[in-house]
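**Student:** Got a structure here, written out as structure tokens. Questions coming.
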Amino acid sequence: MSQDYDAIIIGAGSVGVPTAYFLAKEGMKVLVIEKNASAGQGENKAAIGGVRATHSDPAKIKICQESLKIFSTWKENTGTDIGWKEGGYCFPIYREQDAAMMQAILPIQKRHELNIDWIGDDELAKVVPGINRNGLLGGTYSPEDGQVSPLMAIESFTHEARKLGVEFKFREGVQELAMEGNAVTGVKTNKGEYSAPAVLNAAGAKGTQICKMAGLNIPIVPDSHEAGITSPVKRFLDPLVVDIRPGPEGKTKNFYFGQVESGQIIFCYTPIDPIIGEDKRATSEFMPILARRLVDLIPRMKGLTIRRLWRGLYPMTPDGVPIVGKCKVDGFYLCIGMCGQGFMMGPGIGANLANLIVKDKPIMKQSTWDFMRLDRSFKTDDVERLA
Amino acid sequence: MTDIQSKTTDSQSKRIDNRISKHPIISADSEATVTFTFNEKSYKARPEEMISSAMMANGVAIFNKHHKDGTPQGIFCANGQCAQCLVLVDGLPKKACITAVKEGMNVEELDGLPELPADDDIVPASAIPIVETDVLIVGAGPAGLSAAVELALANSLEPELSAGDLKVIIADDKLELGGKLGLQTHNFFGSIRDCHAGMRGMDIGTLLAEEVEELANTEIWLDSPVVGVFSDGLVGIVKAGVYHLVRPKHFLVTAGAREKNLAFPGCDLPGVYGGGAFQTLVNRDMIRASNRLFIVGGGNVGLIAAYHALQAGIEVLGIVEALPQCGGYKVHLDKIKRLGIPVWTSHTILKAEGNGKLEKVTIAAIDNTFIAQPGTEQSFDCDTLLVAVGLAPVDELLEKAKQFGFSAYAAGDADVIAEASAAIFSGRITGRKMLQDFGHDTEVPNEWYEMLDMLRAKPGPMYELSAWKKDEAKIYPIIRCAQEIPCNPCTAVCPKNSIRTHDGKLTGVPQFTDECIGCTRCVVICPGLAITLVDRNYDSQGKLALVTLPWEMPQGTVKPGQIVKTTGFEGDDIGQGRIIAIKDSKWQNRRQLMLLEVPMEEAEQVAGIHIYEPAAKVAGSSASQDDDWDTIVCRCERVTKGEIIQYIRDTGCSDFNALKAALRVGMGPCGAKTCNELALRLFRQELGRDTEIEPHVERPFTFEVPISAFLKGGNSE
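Here is the structure:
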């Protein structure tokens, strides 16, 4: 069988599209197959668009440093605005135990040359105007993190990928993988068969189903998070803010929000009991809880108006680190289990994967890259489940 | 002190009063006594008046400058559906058309994005009220109110059962019951017995409202937009500014309709808005929103809007209708043609022009493929252009409820677009059917279904009018009702029972036979103003006859003694007549009778008087390709037709959601309510009619909700 493409990517989402772009940039002939009618119609459009390198897991730090580089220079390089806003991330802290935990991670982060530090309550109140000072101890602030519009970004990545010759097939669902011995050699969809020496699983929340076609069982369980956005107001808030306290209502862990470049406040919370499954229908519980948490933290938020609510899926791995790279099936590459961080990691993963496929090594150190292997221990690290 | 006084004098000297003081049908029930400021100038509003109307009454028609490109924004839906009338109210952005003026309110034009007020007061804890009900009705218009009346029968049906205590909540976003009935100052069609035909819509609204206010089982929630339906069975309602969650066992959507739109160059100029919006301003709020008006769309809404405009003393330049015939009832069409209003069929609006507000419209003839014909352009100076091109059901809550497995029902326009009288029957039938579903022993009368079918039907065929001839008769009515429409009040009011419809059917064309005593009751009751009375006894010489016409124009439009041009029923010129008197009628409130002396031989032809002359045309030009390309399709995000077409061409995209992501079409406050159809049309135009277009995903809220609404419930303890 002749090779139709150099690489086939399953899923035109936060990860698949940037990966296609970087592969094409390396001169590869790339096909992206997507069951939805256009790019970014899975979890991409549900993302709130925060991008930070200030994680604790080294692989995620490296990936997001790469992502930040790509996002922040995108307009310069392509002429297209993707809503990049360098406003940083801020974790305001009200409890001693949280302060201790956050401060304990700082040395790891600094080792990776991340611009993050602990700031006192006065300084934090300048970074987050109007924040409730009652009990505020201070917090961490990483000014070089930022926000991007997931909608504008996927649009632009798709556009640029097309310019480099990437083909997109929409409304096509992968039904099976073509296998030769222990190697994946192509895909069969409801509309056709395509072959390539490299097949990438970037199917997001549906990634487990694709893996099953290759005989792989992977430990990813999607849970559902609700999010929303306000009407726009003039810029008053720079950083994306993460409040890691549990909510007074007893149902939420952390919650986070930021003002996007075009002025809307976008927000989300993490429920204590994860809502397992793929249900994305709106619930009545979300907004009342979120409204209360927002105004308790920043009382002036009471002057905002809520425009829209939605839900998105977090394809969770047991340790909060994605599953990326080669696996025991030849020609089959994984980039799944993004744990709700697919948007911020997408370009970084794409750039590394392209390097891996074309030059047989990722951009980052191989040993760091290997933190994301499928055959790892998956020990939980709570910190990585934040935002 | 001196400074303030001089300012007041200054603003008073320039004071504009656009309130309608002289109207043949309606009168204001209150004076403008509430003081508010707009951009630091002091103005007066009527109690409970919406900010937009109060502003327009005072000559202010620009509410904000769009945050994307600074273009001035005027009224558009006047119904809380879009956000074109966003203003700052005491520092916070609010929709002027659904926010009532309060004493001392500080209103400001919004220039770009609003600033979040630095109000750092801590908000005490509170809880969201959760309310259980058997039935939640969304929308207190004709369908919702009628359903509520039927649902209340549960009590009388089985008083011994607790099931009799059916709790009903009827929620509406407006401050009054009745929905759009309140805007319907004209007489309704239908039958007197079944749906108050011959009464004015607003009076029917009052009747229904009073009936529902009496119902012990029914809670009325006004100022309560229903904003979201959730998968856990709850419904979000912002009741008087406080977010409530309602858990209904059954959910009835009677939310009515919203106006469809057209995209043409200049359609986003202040002064271009909906026919329904206009009726709200003129008939509900009694604002003379315009001086010179043009209308697109010859359906009932457009035709009636023209008539309502004339009644409000507004000059109507004409109506264009794209089809070869107007879609509205012929009687509505004829009554404006008789007054001299031009109606151009097979014509379209080419463009609207103006510097920051509408100043000129250009129309043109179109061929049978709806392509404008060069050389047929006509331009007119005007300040207002109404778009009345049909209605679409407000059914997004219904669709979500069905998806989420609610016990969901719909009635009225939310179910099927039709006349308000049809909505009454639709509501009644649905109310009864719900009772049946709940296990009550009740029936839906068969004739209700028949009535509903008739009232929903398009107007039937036209008939040749056969004049009734009886040489010796000296006084008799001429009935010019030649189209099968569901209407028969004339048959019910004739004291001699001399008017009958064909086969006695409601839709049958009525005919006079037999005896007439000249009582004028038929002239007065006919909703279509299609009956005149001829008196041949008037002149002993036998040269002149007296014709009695129904008359509903403002006082002073014409005067007794005046010689006027007479017209036939369809506005054709007949000759001249002399107005003898304009008198109040004994039989019906608010319709006057005009006694017109005409030559004997013209007496049977004369059906009206021609009082308006065609407006002068002005120089104009056809719309250029650039004009067309720059047409705004998504008003909220200011996205043009050209941008959308270019995107579809470049990408081959057939997914509305991609359009949202790429261009922000439909991502603004209205949530694609306004542009959905327009954008879909462009998809079909570019990709072919048969291409599958992925519809845009609807998410809550259907109506933006202030965060403060979630914080004002009762004590959380």
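Top line first, the protein sequences correspond to chains H and W. Using my numbering, the first residue of the first sequence is number 1, and each one after it goes up by one. Using my numbering, the first residue of the second sequence is number 388, and each one after it goes up by one. Backbone N, C-alpha and C fix where the C-beta goes; we use that ideal spot for every residue, glycine too.
Near residue 549(W), which residues of its chain fall below 6 Å by C-beta distance, leaving aside the five closest residues on each side in sequence?
**Tutor:** The pLDDT assigned to residue 549(W) is 43, lower than 50, so where the model puts this residue is not dependable; a value taken from the coordinates is nonetheless given after this. Cβ neighbours of residue 549(W) beyond the five flanking positions: none.
**Student:** Residue 37(H) versus chain W: which residues are under 7 Å apart at the beta carbon?
**Tutor:** 1041, 1042 and 1081
**Student:** Measure the alpha-carbon distance for residue 1090(W) versus residue 775(W) and round it to whole angstroms.
**Tutor:** Distance between the alpha carbons of residue 1090(W) and residue 775(W): 23 Å.
**Student:** Should residue 530(W) and residue 641(W) be called a contact, given that it needs their Cβ atoms to be closer than 8 Å?
**Tutor:** In this structure, residue 530(W) places its C-beta atom within 8 Å of the C-beta atom of residue 641(W).
**Student:** Do residue 759(W) and residue 735(W) have their C-beta atoms closer together than 8 Å?
**Tutor:** yes
**Student:** Could you confirm whether any beta carbon from chain W is found closer than 8 Å to the beta carbon of residue 132(H)?
**Tutor:** yes
**Student:** Between residue 183(H) and residue 331(H), which are expected to be in contact by the criterion C-beta below 8 Å, what is the C-beta distance as a whole number of angstroms?
**Tutor:** 5 Å
**Student:** Just curious, the alpha helix (DSSP H) that residue 813(W) is in, first and last residue?
**Tutor:** 807-824 is the extent of the alpha helix (DSSP H) around residue 813(W).
**Student:** If you run the structure through DSSP and keep just helix, strand and coil, what is residue 414(W)?
**Tutor:** coil
**Student:** Mind pulling the beta strand (DSSP E) runs of 3 or more residues that sit fully within the segment 481-541 of chain W?
**Tutor:** 492-498 and 517-525
**Student:** Between which two residues does the alpha helix (DSSP H) harbouring residue 335(H) extend?
**Tutor:** Segment 332-336 is the beta strand (DSSP E) holding residue 335(H); no alpha helix (DSSP H) there.
**Student:** At a CB-CB cut-off below 7 Å, which residues of chain W make contact with residue 236(H)?
**Tutor:** 503
**Student:** From residue 473(W) to residue 26(H), what distance separates their C-alpha atoms?
**Tutor:** 50 Å
**Student:** The alpha helix (DSSP H) that contains residue 288(H), what's its start and end?
**Tutor:** Annotation: the continuous alpha helix (DSSP H) that includes residue 288(H) extends over 286-297.
**Student:** Along the beta strand (DSSP E) that carries residue 179(H), what are the first and last residues, could you check?
**Tutor:** Annotation for residue 179(H): the continuous beta strand (DSSP E) segment containing it runs 174-180.
**Student:** Unbroken alpha helix (DSSP H) runs of length 4 or more, entirely within the segment 29-116 of chain H: which are they?
**Tutor:** 58-78 and 96-111
**Student:** If the cut is a Cβ gap below 9 Å, which residues of chain W does residue 310(H) touch?
**Tutor:** 1084, 1086 and 1087
**Student:** Which ranges would you report for the alpha helix (DSSP H) in the segment 964-1044 of chain W if only whole runs of at least 4 residues count?
**Tutor:** 1012-1016 and 1028-1038
**Student:** Would you call the CB atoms of residue 744(W) and residue 602(W) closer than 8 Å?
**Tutor:** no
**Student:** Starting from residue 582(W) and walking both ways along the alpha helix (DSSP H), at which residues does that stretch end?
**Tutor:** 579-582
**Student:** Does the beta carbon of residue 45(H) come closer than 8 Å to any beta carbon on chain W?
**Tutor:** yes
**Student:** Using a C-beta cutoff of 8 Å, does residue 1019(W) count as contacting chain H?
**Tutor:** At a cut-off of 8 Å, the C-beta of residue 1019(W) has no neighbouring C-beta in chain H.
**Student:** Counting only the same chain and skipping the five closest in sequence on each side, list residues whose C-beta sits under 6 Å from that of residue 211(H).
**Tutor:** 218
**Student:** To the nearest angstrom, how far is it from the Cα of residue 975(W) to the Cα of residue 880(W)?
**Tutor:** 11 Å
**Student:** Does the Cβ of residue 468(W) have 16 or more other Cβ atoms within 10 Å, making it buried, or fewer, making it exposed?
**Tutor:** Residue 468(W) is buried by the Cβ-count criterion.
**Student:** Does the CB of residue 795(W) have a neighbour CB from chain H at under 8 Å?
**Tutor:** Taking Cβ atoms only, chain H never reaches closer than 8 Å to residue 795(W), which makes this a no.
**Student:** Where does residue 664(W) fall in DSSP's three states?
**Tutor:** helix
**Student:** If we ignore side chains and look at the alpha-carbon of each, how far apart do residue 223(H) and residue 124(H) end up?
**Tutor:** 32 Å
**Student:** With DSSP run on the structure shown, which of helix, strand or coil describes residue 161(H)?
**Tutor:** helix
**Student:** If you drop the 5 nearest sequence neighbours on each side, which residues of the same chain put their C-beta closer than 7 Å to that of residue 680(W)?
**Tutor:** 696, 701, 702, 703, 704, 769, 771 and 773
**Student:** If the cut-off is 8 Å on Cβ atoms, which residues from the segment 260-284 of chain H count as contacting chain W, listed in chain order?
**Tutor:** 263, 279, 281, 282, 283 and 284
**Student:** Where DSSP assigns a beta bridge to residue 870(W), which residues make up the other side?
**Tutor:** 849(W)
**Student:** In the structure shown, what three-state DSSP assignment does residue 437(W) receive?
**Tutor:** strand
**Student:** With a cut-off of 8 Å, does the C-beta of residue 68(H) fall near any C-beta of chain W?
**Tutor:** Not one chain W Cβ lies under 8 Å of residue 68(H).
**Student:** Could you have a look at residue 910(W) and say whether DSSP puts it in helix, strand or coil?
**Tutor:** helix
**Student:** Determine the closest residue to residue 283(H) out of 932(W), 828(W) and 791(W), with distance taken between C-alpha atoms.
**Tutor:** 791(W)
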